[in-house]
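Data block below; observations after.
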Amino acid sequence: MTKQMTGARMVIQALKDQGVEVVFGYPGGAVLPIYDEIFQQNDIRHVLVRHEQGAVHMAEGYARSTGKPGVALVTSGPGATNAVTGLTDALMDSIPIVVLTGQVPTFMIGTDGFQEADTVGITRPCTKMNWLVKDTAKLAETIHQAFHVATHGRPGPVLVDIPKDVQFATADYVPAEKARVTHYQPRTEGDPDRIAQLVELMEHAERPIFYTGGGVVNSGPRASQLLRELVAETNFPITSTLMGLGSYPASGKNWVGMLGMHGLYEANLAMHGCDLMINIGARFDDRITGRVKDFSPKSKKAHVDIDPSSINKVIHVDVPIVGDVTKVLEEVLRQWRARGSKTDQRGLASWWKQIDDWRAVKCLTYKPSTTTIKPQYALERLEALTKGRDRYITTEVGQHQMWAAQFLGFEDPNRWMTSGGLGTMGYGLPASIGVQVAHPEALVINVAGEASWLMNMQEMGTAMQFRAPVKQFILNNERLGMVRQWQELLHGERYSSSWSESLPDFVKLAEAFGCKGIQCSDPKHLDDAILEMLDYDGPVIFDCRVEKHENCFPMIPSGKPHNEMLLSADAEAFRSGAVLV
Amino acid sequence: MSALNIKKGSTSHSAYDLRSALSEVEESHTLAVIVENEPGVLARVIGLFSGRGYNIDSLTVAEVDHTGHRSRITIVTRGTPAVIDQIEAQLSRMVPVHAVQDLTAEGPSVQRELALVKVAGRGDHRIEALRLAEIFRANVVDSTLESFVFEMTGTPEKIDAFAELMRPLGLVEIARTGVAGLKRGA
Numbered sequence: 000m001t002k003q004m005t006g007a008r009m010v011i012q013a014l015k016d017q018g019v020e021v022v023f024g025y026p027g028g029a030v031l032p033i034y035d036e037i038f039q040q041n042d043i044r045h046v047l048v049r050h051e052q053g054a055v056h057m058a059e060g061y062a063r064s065t066g067k068p069g070v071a072l073v074t075s076g077p078g079a080t081n082a083v084t085g086l087t088d089a090l091m092d093s094i095p096i097v098v099l100t101g102q103v104p105t106f107m108i109g110t111d112g113f114q115e116a117d118t119v120g121i122t123r124p125c126t127k128m129n130w131l132v133k134d135t136a137k138l139a140e141t142i143h144q145a146f147h148v149a150t151h152g153r154p155g156p157v158l159v160d161i162p163k164d165v166q167f168a169t170a171d172y173v174p175a176e177k178a179r180v181t182h183y184q185p186r187t188e189g190d191p192d193r194i195a196q197l198v199e200l201m202e203h204a205e206r207p208i209f210y211t212g213g214g215v216v217n218s219g220p221r222a223s224q225l226l227r228e229l230v231a232e233t234n235f236p237i238t239s240t241l242m243g244l245g246s247y248p249a250s251g252k253n254w255v256g257m258l259g260m261h262g263l264y265e266a267n268l269a270m271h272g273c274d275l276m277i278n279i280g281a282r283f284d285d286r287i288t289g290r291v292k293d294f295s296p297k298s299k300k301a302h303v304d305i306d307p308s309s310i311n312k313v314i315h316v317d318v319p320i321v322g323d324v325t326k327v328l329e330e331v332l333r334q335w336r337a338r339g340s341k342t343d344q345r346g347l348a349s350w351w352k353q354i355d356d357w358r359a360v361k362c363l364t365y366k367p368s369t370t371t372i373k374p375q376y377a378l379e380r381l382e383a384l385t386k387g388r389d390r391y392i393t394t395e396v397g398q399h400q401m402w403a404a405q406f407l408g409f410e411d412p413n414r415w416m417t418s419g420g421l422g423t424m425g426y427g428l429p430a431s432i433g434v435q436v437a438h439p440e441a442l443v444i445n446v447a448g449e450a451s452w453l454m455n456m457q458e459m460g461t462a463m464q465f466r467a468p469v470k471q472f473i474l475n476n477e478r479l480g481m482v483r484q485w486q487e488l489l490h491g492e493r494y495s496s497s498w499s500e501s502l503p504d505f506v507k508l509a510e511a512f513g514c515k516g517i518q519c520s521d522p523k524h525l526d527d528a529i530l531e532m533l534d535y536d537g538p539v540i541f542d543c544r545v546e547k548h549e550n551c552f553p554m555i556p557s558g559k560p561h562n563e564m565l566l567s568a569d570a571e572a573f574r575s576g577a578v579l580v
Numbered sequence: 000m001s002a003l004n005i006k007k008g009s010t011s012h013s014a015y016d017l018r019s020a021l022s023e024v025e026e027s028h029t030l031a032v033i034v035e036n037e038p039g040v041l042a043r044v045i046g047l048f049s050g051r052g053y054n055i056d057s058l059t060v061a062e063v064d065h066t067g068h069r070s071r072i073t074i075v076t077r078g079t080p081a082v083i084d085q086i087e088a089q090l091s092r093m094v095p096v097h098a099v100q101d102l103t104a105e106g107p108s109v110q111r112e113l114a115l116v117k118v119a120g121r122g123d124h125r126i127e128a129l130r131l132a133e134i135f136r137a138n139v140v141d142s143t144l145e146s147f148v149f150e151m152t153g154t155p156e157k158i159d160a161f162a163e164l165m166r167p168l169g170l171v172e173i174a175r176t177g178v179a180g181l182k183r184g185a
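From first to last, the protein sequence lines are chains A and B.
Under numbering that gives the first Met the number 0, the first residue of the first sequence is numbered 0, with each subsequent residue one higher.
Under numbering that gives the first Met the number 0, the first residue of the second sequence is numbered 0, with each subsequent residue one higher.
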């Protein structure tokens, strides 16, 4: 039996049918009918943000920490354009979110009406798919399609643009199970013959490595479980990209740490020197490969990815496997066990010895201080004092993000939310709120730099209003740290615009928002200050005054191969030009 | 124009590695893309090409299945084999795309383009233009005492050749549809 209702009510009904519990949004003229419906029901919670970019990052944080699609609702024109950064971020990191935008009435489209923007035109390149719905009869079905597209295949952001007259008009509601979900059904099963090739390569590999990425997290918790089984059965070393942290536990014995531009020495050298690279759900990003020509020159490469366009895009691979990580790993394990596969024990033993030699370099070593807080030390203490708790970490973008990835250990997937592909400063604070809304009892910490944090600091108002006790752990060096580092190392120490001359007093700022502010600049008091932050029942802005000129190492200068990595001790030589040819 | 618009030999004084990893020779390929005929679908396909720095040498589009609302977009593009593969993969993963055929790679195909060629002149030039048109099997679709409009179909190369011959004989302007193509055989 079909049910007649207005477009605005259809939106709410469709969201309910899709299992949506919370919407992050901001009202405006072109979405008022939908907000009127939100007012008249209690099933879907609405979190009022302070800026539409915040709404989208919250939806991302919600999605990344739950595995469910996040939903944002914004108005036309500026509401939609403010959502663009979040959409692009979600596209780059394959995060399933559904953004609903209001639009001027259909008869006004194209007249440069008040708060009119070509939303589907503007967001076409930064969504996986978008729709402008001009007929109320098609609205419910389109929203169901949007959820289908966002969550199937390689996940990503979708947008549905809904003109105001479409929200007012009445039509039959199409329930989710009757919706035509398009022909979009990406392949999820890997080719068994290709998987057999991989299994055979694994049997003979002397220097293998698993290189895993965000695709493992996106595939769901079972993918991480299967990955752990496979690593245990093969005893191969495993590294991960920034996006994939947690799918294999940092405490696991085969873990060699994160790879990439600021990845660990042992991870990058193992990638460079391996004879079999097994890429699972990663995409050979330029922060990972360094100079493409010299990337892992002697290895056979296998690549598991649900998106065929990721394969051979940057690095040519020998065994391409298109499929969902969970299904492919199931088949790999099935074949591995069915064949009674054995690894090359002698080869592996000497490979592990080599890796241990690289580990002995202790690439994360930094010069400790008793007078100033080193950012690395701050994160070591944060790790020590929060380890074992029900903890979620988000970050902003820059040095602090890399240090967080290096010094915090992640034991499970969906616990680490960071802007990897787009590198969006201002991501972490709203993302932390999205995570906290999804996990009200958990400890949610945004590891931030003061410059990134200021980009979306208005969202502290959201945290207060919705009682999200997020902890903002700001490593404050009064600098745009990563920009400053590059200027020091590559631009003759000319610090062009990388110094924030006028920063707010973060403690007073916290008071102004009505939350708690803590400042710490003495390493001796740091533990107590962190414990005070953790004990406080409510949002905290923690102004951690750190060493202003610390650089983040190891570092692979862009355009360099993995084996030309800089450790902190090399930096002096590098700066004087001895390393840069 | 290089397929990826990458300058070679740039130094690492950049957050990106600007050196191109692809040094193979560029090839021309004709792709047939079957899409859902919905608003914005052409912009989506073209946006992919401009956004990722691929070339479009010619483009034709029309609905070919009115009941199923399917359109066929035929694109002639250029790139190294790796880039052509990437274009095909990028097109295939778009939500409104049903199928992608590489007519150049998937065996023999028929490819045709239609052109209208306006030539103005008197006397010998006019007679010569008419004679050449006959050789090229171009039809006269408009005529004045001082001009002809020829209509011809053929491969892009044939049209190029005809246009080149018409140039000294008074070529005024030319309109071309771009290539339409089908695989040969059943």
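From the three backbone atoms N, C-alpha and C, an ideal C-beta is built for every residue, glycine too.
Since we're looking at a predicted model, the values are computed, not measured.
When beta bridges are read from the DSSP output, A/Lys-299 appears opposite A/Leu-275. Spanning the alpha carbons of A/Ser-246 and A/Arg-63 requires a straight line of approximately 13 Å. Put simply, the CB of B/Gly-153 is far from chain A, with every gap to its CB atoms at 8 Å or more. DSSP places B/Arg-69 in the uninterrupted beta strand (DSSP E) bounded by 69-78.
Close to B/Ser-70, with beta-carbon spacing below 7 Å, lies no residue of chain A; the smallest spacing is near 14 Å. At a cut-off of 8 Å between beta carbons, B/Ser-27 makes no contact with chain A. Close CB contacts of A/Thr-423 within its chain, under the 7 Å cut and outside five residues either way in sequence, are with Thr-84, Asp-88 and Val-396 (chain order). Between the C-alpha atoms of B/Thr-103 and A/Arg-286 there is a straight-line separation of about 35 Å. Look at the region 74-106 of chain B: the residues with a C-beta under 7 Å from a C-beta of chain A are Ala-81, Asp-84, Gln-85, Ala-88, Gln-89, Ser-91, Arg-92, Val-94 and His-97. Sequence-ordered contacts of the region 160-185 of chain B with chain A are nonexistent [C-beta pairs closer than 9 Å].
Flagged as an interface residue toward chain A: B/Gly-39, by a C-beta distance shorter than 8 Å. A/Pro-220 places its beta carbon 8 Å or farther from that of B/Arg-92.
For A/Asn-311, the neighbours in chain B by C-beta distance under 9 Å run, in chain order, Ala-81, Asp-84, Gln-85 and Ala-88. Interface annotation, A/Ser-418: not in contact with chain B, CB-CB separation never under 8 Å. With a threshold of 8 Å between beta carbons, B/Ala-132 makes no contact with chain A. Identification of residues in the region 106-123 of chain B having a C-beta nearer than 7 Å to some C-beta of chain A yields an empty set.
Taking the beta carbon of A/Thr-385 as reference, no residue of chain B falls within 8 Å; the closest one sits roughly 32 Å away. For A/Lys-470, the uninterrupted beta strand (DSSP E) run begins and ends at 470-475, by DSSP. For B/Ala-42, the closest Cβ of chain A is nearer than 8 Å. Our two residues, A/Val-103 and A/Ser-75, have alpha carbons roughly 7 Å apart in a direct line. In the DSSP assignment, A/Cys-551 is bridged to no other residue. Proximity of the region 265-273 of chain A to the region 189-198 of chain A falls short of the contact definition, fewer than three beta-carbon pairs being nearer than 8 Å. With respect to A/Lys-326, A/Thr-187 sits close: the two C-beta atoms are nearer than 8 Å. Looking at the DSSP output, A/Tyr-172 bridges to A/Lys-2.
In this structure, the alpha-carbon of A/Ala-249 lies about 14 Å from that of A/Gln-224. A/Gly-262 is the residue among A/Thr-385, A/Gly-262, A/Ile-444 and A/Asp-355 whose C-alpha sits nearest the C-alpha of A/Phe-552. Interface criterion met: the Cβ of B/Gly-50 is under 8 Å from a Cβ in chain A.
If the five residues before and after A/Thr-371 are omitted, its C-beta is found closer than 6 Å to the C-beta atoms of Glu-546, all from its own chain and listed in chain order. Using beta-carbon distances, B/Gly-67 does not count as an interface residue toward chain A, since no partner is under 8 Å. With a cutoff of 8 Å on beta-carbon distance, A/Val-119 and A/Leu-131 are scored as near each other. Using a CB distance cut-off of 8 Å, A/Pro-124 counts as an interface residue toward chain B. Around A/Met-463, no beta-carbon contact reaches into chain B at under 7 Å, the shortest distance being about 36 Å. Taken in chain order, the complete alpha helix (DSSP H) segments of 4 or more residues contained in the region 415-485 of chain A are 427-437, 449-454 and 459-464. Around the CB of B/His-65, fewer than 16 other CB atoms lie within 10 Å, so the residue is classed as exposed. Taking 8 Å as the CB threshold, A/Pro-307 lines the interface with chain B.
Residue environment for A/Ser-418: buried (at least 16 other C-beta atoms within 10 angstroms of its C-beta).
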